[in-house]
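Asks:
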Amino acid sequence: MGTPGVEGLASVAEKLGEWQSDGGPVQLHPGDLGWFHRFGAEHTANSVRLWERDGQTLAIGLLDEPDMLRLALAPTAFEDEELAQQLVADVAPERGVLIEGTVYLEAPTGARIHDLLFKEGWDLDQPWTPLQRDLADPVEDPGLRVDVIGPDDAPVRTAVQRASFDGSTFTDERWHAMAAGAPYGSARCLVGRDGRGEAVAAVTVWSAGPGKPGLLEPMGVHRDFRGNGYGQAITLAAAAALRDDLGASSATVSTPSFNVGAIATYRAAGFEALPETRDQIRRA
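So that you can map any letter, position 268 of the sequence shown is 268 in the UniProt record's numbering, and since no number is skipped, the others follow by simple counting.
In structure tokens, the structure reads:
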């Protein structure tokens with residue numbers, strides 16, 4: 001297990017993109033790395049873990065929080081027993097990858113590590129619902145003015161984010177840190193405006209490469225403008241940007257299954273729910 005260093009983050013994002021596929025399990029996406037980059041390159045590099053063998057990267061982990069590790073696996077490594085045993089050993093309390101106490105691990109469905117963690121006493125956490133929209137056909141008009149955000153407009157994007165999520169710490173400085181990361185070279189920040197020009201919703205979309213699934217992370221509607229269909233509209237704009245600007249084959253988003261409002265919004269924008277996923281939890 002190692003870390004990539006700041007100079008290796010672009011290669012990590014590229015590898016994550018290679019591992020994405022339509023019809024495959026939803027797993028850590030280069031956009032997740034890109035969104036995390038708002039905390040800066042050094043912090044991001046220090047939060048990434050790599051598992052390699054014979055010069056090949058088999059697994060990539062992102063410490064989203066000190067108590068939360070998100071894993072992506074190479075397509076050939078899902079049933080790799082040696083890798084799974086090493087991963088289980090590395091997330092044991094004495095290894096220090098995760099803090100002591102209650103911790104969480106997200107791994108793609110079908111990975112051997114799930115069975116081994118259950119044997120170590122891990123349980124299932126609350127369900128999440130991934131949703132996906134195929135982008136083979138053009139996306140319908142969202143019926144909303146949508147602006148692509150550049151550096152000069154960053155304050156608009158960050159203001160909508162903070163007005164959409166209680167406790168959000170997305171500042172202008174963090175937008176610029178995010179935009180400086182390698183994954184943002186294939187990303188777009190979009191802001192939707194109502195008929196008066198007010199910024200009412202925002203989304204960031206991330207590419208994994210042409211012909212690969214793209215990601216929405218995050219999407220939010222300003223708390224003062226909810227109930228007007230702006231969530232559906234900005235989600236349609238996101239899907240269109242992924243298809244038309246970035247060449248994505250599909251658009252993917254995930255939300256906690258209890259968030260029935262968000263699920264309804266994504267369904268209204270043509271997304272279909274995939275089988276629920278669950279993190280695994282090791283309780284203190």
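Think of the CB as a built atom: it goes at the ideal place given N, C-alpha and C, for glycine as much as any other residue.
No experiment lies behind these values; they were computed from the predicted model shown.
Specify, as a first and last residue, the run of the alpha helix (DSSP H) that S250 falls within.
Replies: Taken as a continuous stretch (DSSP letters only), S250 belongs to no alpha helix (DSSP H), being part of the beta strand (DSSP E) at S250 to P256.
Asks: Would you call the CB atoms of T102 and R283 closer than 8 Å?
Replies: yes
Asks: When you compare each of E94, R112, Q86 and L124 to Y104 by their alpha carbons, which one comes out closest?
Replies: Comparing alpha carbon positions, the residue from E94, R112, Q86 and L124 closest to Y104 is L124.
Asks: Skipping 5 residues on each side, what residues in its chain have a beta carbon closer than 6 Å to that of G61?
Replies: Around G61: R49, L69 and L71.
Asks: Let me check understanding here. Comparing Cα to Cα, which of G192, G209 and E272 lies closest to A238?
Replies: G192
Asks: Where does D64 sit, in a helix, a strand or coil, going by DSSP?
Replies: strand
Asks: Could you give the distance in angstroms between the alpha-carbon of V91 and the alpha-carbon of D80?
Replies: 17 Å
Asks: In the DSSP assignment, find the alpha helix (DSSP H) that holds E81 and state where it starts and stops.
Replies: E81 to D90
Asks: Taking the DSSP output, what are the residues bridged to D123?
Replies: I281
Asks: Quick one: using the 10 Å Cβ neighbour count with 16 as the cut-off for buried, is H176 buried or exposed?
Replies: exposed
Asks: Excluding the 5 residues flanking L274 on each side, which residues of the same chain have their C-beta closer than 8 Å to its C-beta?
Replies: Its chain contains V26, T129, P130, L131 and Q132 as the residues whose beta carbon lies nearer than 8 Å to that of L274, once the 5 sequence neighbours on both sides are disregarded; these appear in chain order.
Asks: Kindly give me the distance between the Cβ atoms of A201 and G220, rounded to whole angstroms, as I take these residues to be in contact under 8 Å.
Replies: 7 Å
Asks: Could you give the distance in angstroms between the alpha-carbon of M1 and the alpha-carbon of E52?
Replies: 7 Å
Asks: Can you check which of these residues, V253, A264 and V260, is closest to D134 by C-alpha distance?
Replies: By alpha-carbon distance to D134, the top candidate from V253, A264 and V260 is V253.
Asks: Could you tell me whether the Cβ atoms of A41 and G143 are closer together than 8 Å?
Replies: no
Asks: If you reduce the DSSP assignment to three classes, tell me which class D194 lands in.
Replies: coil
Asks: Just the Cα atoms here: how many angstroms apart are A233 and F39?
Replies: 29 Å
Asks: Any Cβ of chain C within less than 8 Å of the Cβ of T109?
Replies: Of the chains in the structure shown, none is chain C; there is only one protein chain.
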